[in-house]
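J.: Dropping the structure in here first, questions after.
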Amino acid sequence: MMTDILIVATNNEAKFREILQIAEVYGILARMPAVKTDVQEGVVSYEENALLKASSATAQSGVDALGEDSGIEIAALGGFPGVISARFVEGSDQDRNNALLERMKTIEPARRLAVFKACVVISLVNGGHLTGYGELRGRITEVPEGGNGFGYDPIFIPDGFDRTLGLLDVEEKNRISHRRKAIESAVRQYRDYKNTVKKQG
Ligand code: ITT
3 MMTDILIVAT NNEAKFREIL QIAEVYGILA RMPAVKTDVQ EGVVSYEENA
53 LLKASSATAQ SGVDALGEDS GIEIAALGGF PGVISARFVE GSDQDRNNAL
103 LERMKTIEPA RRLAVFKACV VISLVNGGHL TGYGELRGRI TEVPEGGNGF
153 GYDPIFIPDG FDRTLGLLDV EEKNRISHRR KAIESAVRQY RDYKNTVKKQ
203 G
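Right, here's the structure in full:
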């Protein structure tokens with residue numbers, strides 16, 4: 003089992019706990035950075051923001067680092083809020099959930115489709131980086147339900163389920179989530195890269 007330690011460049015506790023649990027499955031230990039990773043995110047793309055977070059943590063810590071950027075895209079709102087999911091309304095997660103439900107109050111159940119997207123970038127001390135993507139499709143409820151998870155979990159029902167992510171436990175969420183898929187892809191590439199480096203060394 004590998005025990006490479008990756009710095010995780012996030013200021014979001016709940017996101018960090020999910021990343022930690024998922025990375026462990028792949029034999030990678032993760033820890034929160036002792037460095038500031040609160041970079042100025044742009045509004046261009048998840049990739050760009052994830053790379054900014056990861057490379058800022060690598061620059062400050064001198065080790066390989068994982069950054070993640072994610073968001074929710076609501077079909078009936080033209081993909082809004084997307085890359086600005088964390089900050090399109092000031093305040094709490096609950097405030098943002100209520101704001102989205104308010105904007106969607108005239109939208110019928112069949113048109114409440116949404117997708118969570120995540121991009122994970124692992125920046126390497128050698129200057130390169132590895133990128134993974136993940137998506138989770140589902141729909142937006144009419145009222146929030148459940149207190150598990152974070153962000154939009156209480157108003158999102160994944161395809162194939164009849165309950166919100168806020169009602170699933172973290173293990174269930176981590177089996178299907180956008181974050182899981184993005185981490186799995188990036189961490190597999192990272193493992194291959196580490197194995198190649200070891201063979202060469
Ligand atoms: P860092 O930038 O420090 O990692 P953040 O919370 O600002 O933390 P993002 O910029 O990536 O993270 O914003 C992602 C937002 O999208 C997040 O705050 C939630 O509102 C939402 N989101 C992403 N993944 C989610 C998930 O699994 N469940 C619920 N909401 C999620």
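Counting with my numbering, you get residues 3 to 203 for the letters of the sequence shown.
We treat Cβ as the ideally placed atom computed from N, Cα and C, and that holds for glycine.
This one's a predicted model, so the numbers in the text were calculated from it and none came from an experiment.
1. Using only the alpha-carbon positions, how far apart do Tyr48 and Ala112 sit?
2. Is the stretch 124 to 137 touching the stretch 50 to 58 in the sense that three or more CB pairs, one from each, lie closer than 8 Å?
3. Could you tell me which of Asp194, Asn150 and Ile157 sits nearest to Glu173, measuring between CA atoms?
4. Could you tell me the boundaries of the beta strand (DSSP E) in which Phe158 lies?
5. Given this structure, state the Cα-to-Cα distance separating Glu186 from Tyr28, to the nearest angstrom.
6. Within the stretch 37 to 99, note down every full alpha helix (DSSP H) run reaching 4 residues or more, in order along the chain.
7. Going along the chain, which residues put their C-beta within less than 5 Å of some heavy atom in the ligand ITT?
8. Measure the Cβ-Cβ separation of Glu225 and Ala116 and say whether it is below 8 Å.
9. Based on DSSP bridge pairs, tell me the residues matched to Phe118.
10. Is it the case that the Cβ atoms of Leu170 and Phe158 are separated by a distance below 8 Å?
11. I'd like to know if the stretch 79 to 87 and the stretch 54 to 69 are in contact, where contact means that at least 3 CB-CB pairs between them fall below 8 Å.
12. Of the choices Leu126, Lys107, Glu137 and Val122, whose alpha-carbon is the least far from that of Val145?
13. Any idea what DSSP makes of Ser187, helix, strand or coil?
T.: So, to answer that:
1. The C-alpha of Tyr48 lies about 27 Å from the C-alpha of Ala112.
2. yes
3. Asn150
4. In the DSSP assignment, Phe158 falls within the unbroken beta strand (DSSP E) covering Phe158 to Pro160.
5. Taking the straight line from one Cα to the other gives about 8 Å.
6. 48 to 63
7. Thr12, Asn13, Asn14, Asp71, Ser72, Gly73, Ser87, Ala88, Gly153, Tyr154 and Asp155
8. With the chain covering 3 to 203 only, the question about residue 225 has no answer from this structure.
9. Bridge partners of Phe118 according to DSSP: Ile74 and Leu138.
10. no
11. no
12. Lys107
13. helix
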